[in-house]
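Data first, discussion second: the structure below is written as structure tokens.
Numbering (the numbering used here), first residue to last: 61 to 678.
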């Protein structure tokens, strides 16, 4: 059966550890942090309403700030041929990112010089918009420097997937000309070198103890084996299955032959060699410890990740304590629902009931997708009541690709690769007995609208932002917005069924428990089983989801902290605005204000809302 390649962005996107870095965190963020596509352009002008202003023209930027932005963006494109090609660089087409030690070292030197330049700019005379630009750019550059220091490029894989799956997105590009196919063939020819470079870094990590925890790699080889197939069954063969109509038969025959040969001689052997390396050498010798703090310089690394993913000056212990407080609060609300439905039994008994009763689970993948689609359509209808600005781009609903579904999270948003394609809300249809319907409203509001699709599609249409911000994703903002969107559904009339409302609370509890288990495992000596037990005893997540999520947190330290920290900040700022404005508070104007500058750190968001309050008080 044909391997369905991932619908992934063919270029890295700037997101925290921005595209200038060659570390896997950049790839993870590009893949998991909603893939913002550089070819998307704003084709629509938002209509001005009585609650919001139309999108502003780009402000004039101070010369020294603009010069730094230009140099940094040029460095970004020079470091990432896929992105450079998307922005029209013909010389970059047909190339893959150079992951050699020499290339990474040189990029690090350039990034460090850009960071020094950012720190040297006098901020005393800068406008507010310039300060925001400079702060976000400096944060991105600092993160790239930090990740090189912590040797994040030694980790081009996680529990969920790795570079071998993400690179397959090159088959999902546009194929309209003969040159497009020649560039694609050049990339296929370059794959063995790319795999060799990544394998070199995996070996370096193995030699010094910088690897994912061995327990999280159980079954990892199953994410590689689908790519080891007959050439004509490979996802890499997809571009050769349907040519543009203007191609001659001779061109089609020539390109097909070249494609089959490249897949047979270059692509499949690369995956086979990677499979052999992982199963025979890497996985058996991966580190036993699960804590990031157990790696070389691990304590400093985890403290750095806590700061990066929260965008706040918080310690791991402060995050842990906040998590315990939130867990206790949400647990009380969950107990109230159990009492309301007059369930006879303990909290644990109720969780067992939810996890095992067939009434809560779909019988077919189609049923799950149809239910998600129905909820999404209802969510579409709520948007005008809560937002003045809405994006042009639509979204669709699709299953998580089969080759990654077994170890993948329950759902995710996947941005489009071009301005003539929609975004997609992915729903995991693997193991249907582990996909409860009572969680589906919360999941849909988070991943589709008013969550990630709305936020990311709007950001891409913000012509007033420089590119390094339009194509970026700050996790505390984006994931905080997604979790806040789940809560917003409560106001909009969702969760009428008590079990669905319990599902909402179990999703909120899931994010609160993350604060506890992530810091517990990486900073406080918790075992994997201790984390699994804590998550399982406090949420109604299926056990499959619990173990999959815990392994995700082990292999991606700190990212799980983004959700609750961001959501609590947005809620606090909304309450601040409501208290200050009273009857003058307008929910549509508030939401537009939160989203009008794209993805920003939490301190900048607070400044923005303070300005929003001052504007409406005057």
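Note that beta-carbon positions come from the ideal geometry of N, C-alpha and C, so glycine has one too.
As the structure is a prediction and not an experimental result, all values here were calculated from the model.
Whole-angstrom distance between residue j and residue i, CA atom to CA atom
i           : j           : result
residue 578 : residue 389 : 19 Å
residue 290 : residue 324 : 8 Å
residue 437 : residue 239 : 41 Å
residue 139 : residue 214 : 18 Å
residue 245 : residue 423 : 42 Å
residue 37  : residue 191 : Past the boundaries of the shown model lies residue 37; the chain is included only from 61 to 678, so the question cannot be answered.
residue 193 : residue 581 : 35 Å
residue 381 : residue 270 : 28 Å
residue 523 : residue 320 : 42 Å
residue 328 : residue 287 : 7 Å
residue 231 : residue 461 : 15 Å
residue 181 : residue 199 : 14 Å
residue 656 : residue 306 : 43 Å
residue 292 : residue 285 : 16 Å
residue 108 : residue 530 : The pLDDT assigned to residue 108 is 34, lower than 50, so where the model puts this residue is not dependable; a value taken from the coordinates is nonetheless given after this. Their backbone Cα atoms lie some 21 Å apart in a straight line.
residue 404 : residue 393 : 17 Å
residue 341 : residue 448 : 55 Å
residue 548 : residue 418 : 29 Å
residue 698 : residue 334 : Coverage of the chain is limited to positions 61 through 678, which leaves residue 698 absent and any answer about it impossible.
residue 610 : residue 154 : 38 Å
residue 519 : residue 555 : 28 Å
residue 368 : residue 663 : 13 Å
residue 650 : residue 435 : 24 Å
residue 603 : residue 658 : 36 Å
residue 201 : residue 135 : 11 Å
residue 377 : residue 539 : 21 Å
residue 171 : residue 621 : 27 Å
residue 167 : residue 212 : 14 Å
residue 379 : residue 576 : 7 Å
Close-in-space but distant-in-sequence residues of the same chain around residue i (CB under 7 Å, 5 per side omitted)
i           : result
residue 455 : 482, 483, 484, 485, 508 and 513
residue 236 : 304
residue 308 : none
residue 500 : 431, 432 and 435
residue 442 : 552
residue 300 : 315, 316 and 319
Opening and closing residue of the alpha helix (DSSP H) in which residue i lies
i           : result
residue 217 : Premise fails: residue 217 is in no alpha helix (DSSP H) and is neither H nor E.
residue 142 : 141 to 146
residue 648 : 647 to 655
residue 169 : 161 to 180
residue 230 : No alpha helix (DSSP H) holds residue 230; DSSP gives it neither H nor E.
residue 576 : 558 to 583
residue 412 : 407 to 416
residue 152 : Segment: none, residue 152 is in no alpha helix (DSSP H) and carries neither H nor E.
residue 238 : 238 to 268
residue 297 : First-last for residue 297: undefined, no H or E at that position.
residue 419 : First-last for residue 419: undefined, no H or E at that position.
residue 195 : 188 to 209
residue 446 : 425 to 446
Contact belief for residue i with residue j at Cβ below 8 Å, rounded distance in angstroms
i           : j           : result
residue 228 : residue 273 : Not quite, the Cβ-Cβ distance comes to about 25 Å (not below 8 Å), so this is no contact.
residue 543 : residue 624 : 7 Å
residue 573 : residue 599 : 6 Å
residue 216 : residue 223 : 4 Å
residue 537 : residue 132 : With 8 Å as the limit, residue 537 and residue 132 do not qualify as a contact, their Cβ atoms being about 20 Å apart.
residue 248 : residue 208 : Between residue 208 and residue 248 the Cβ distance is about 29 Å, and since that is not below 8 Å, they are no contact.
residue 560 : residue 511 : About 17 Å; that fails the 8 Å criterion.
Neighbour flag for residue i against chain D, beta carbons, 8 Å
i           : result
residue 670 : Reference to chain D is not applicable here, since this structure consists of a single protein chain.
Other residues of its chain near residue i: CB distance less than 6 Å, five sequence neighbours each side excluded
i           : result
residue 254 : 156
residue 571 : 543, 623 and 624
residue 152 : 141, 144 and 145
residue 616 : 218
residue 358 : 352
residue 250 : 156
residue 386 : 572
residue 644 : 676
residue 276 : 219, 611, 614 and 615
Extent of the continuous beta strand (DSSP E) to which residue i belongs
i           : result
residue 291 : Counting along the chain, residue 291 falls outside any beta strand (DSSP E), and DSSP gives it neither H nor E.
residue 456 : 455 to 459
Sequence-distant residues of the same chain with beta carbon closer than 8 Å to residue i, five excluded per side
i           : result
residue 128 : 174, 177, 178, 181, 194 and 197
residue 492 : 421, 422, 423, 424, 425 and 428
residue 408 : 597
residue 121 : 129, 189, 190, 193 and 526
residue 666 : 629 and 633
message: Could you tell me which whole beta strand (DSSP E) segments of length 3 or greater appear in the segment 461 to 541?
response: 471 to 474 and 483 to 487
Within the segment 598 to 674, ranges of the alpha helix (DSSP H) (whole runs, at least 4 residues): 603 to 615, 622 to 641 and 647 to 655
task: Would you mind listing the alpha helix (DSSP H) stretches within the segment 312 to 399 that are 4+ residues and don't spill past its ends, in chain order?
output: 328 to 337 and 358 to 370
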